[in-house]
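For reference, each letter of the sequence shown is one residue, going 518 to 633 in this note's numbering. For reference, the structure is listed below as C-alpha cells.
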Amino acid sequence: MRYIKRGGFDIHKPEHLALAESWATSPSLDELSTLSEAEAEKVIKHPEALEHFRRGLTLYQDGKTDEAMTAWREGVAIEPDNFNIRKQIWAVEHPDKFYDDKVDYAWQREQMEKGQ
C-alpha cells in the first residue's frame, strides 16, 4: 500500500481521518435496517433519534420517501451531530454524491460544517 495525496484530502489531518473512519464504519442503509437493537444503539445514541431513524427506514423501504425523510429529519433534530442519519438523508436527496463515479467526501464534510 502507498500513500497518495489527491486534492485537498489528507489522511494525516485529524479531521480528515475522523471523517474517513466515520464513513468507513458507518453502515449502509441496507445494513442499518438489519441491525439488532443493541447494534443500532451503538450507531445512534439517543433512543428517540433511533426510533425516528428506524421508522424512516421502514417508510423508505415501503416507497414512502417523503415520509421517510420527515422521520429522518426528526431524528437529526434530536441528535444533530449524527452522521449516519444525515448520510441517509443526503444519499436520498443527492444520489450523485454517493452512487455515481465516487463518493464526494468533501461535499459531505461541507454539509456537516454547514449543519445540513
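Beta carbons: idealized from backbone N, C-alpha and C, even for Gly.
Rounded separation between residue i and residue j - CA only
{"i": "Thr575", "j": "Gly592", "result": "14 Å"}
{"i": "Asn599", "j": "Gln578", "result": "21 Å"}
{"i": "Ile595", "j": "Glu568", "result": "11 Å"}
{"i": "Glu630", "j": "Pro597", "result": "12 Å"}
{"i": "Thr587", "j": "Asp613", "result": "21 Å"}
{"i": "Gly580", "j": "His563", "result": "26 Å"}
{"i": "Tyr616", "j": "Arg626", "result": "17 Å"}
Member of the options whose CA lies at the smallest distance from the CA of residue i
{"i": "Ala585", "options": "His611, Ile606, Phe615, Pro612", "result": "Ile606"}
{"i": "Gln628", "options": "Asn601, Ala566, Asp583", "result": "Asn601"}
{"i": "Gly632", "options": "Asp617, Arg571, Arg603, His611", "result": "Arg603"}
Burial state of residue i (16 or more Cβ within 10 Å)
{"i": "Trp624", "result": "exposed"}
{"i": "Gly573", "result": "buried"}
{"i": "Lys619", "result": "exposed"}
Same chain, Cβ closer than 7 Å to residue i, five either side skipped, listed in chain order
{"i": "Thr582", "result": "Val609"}
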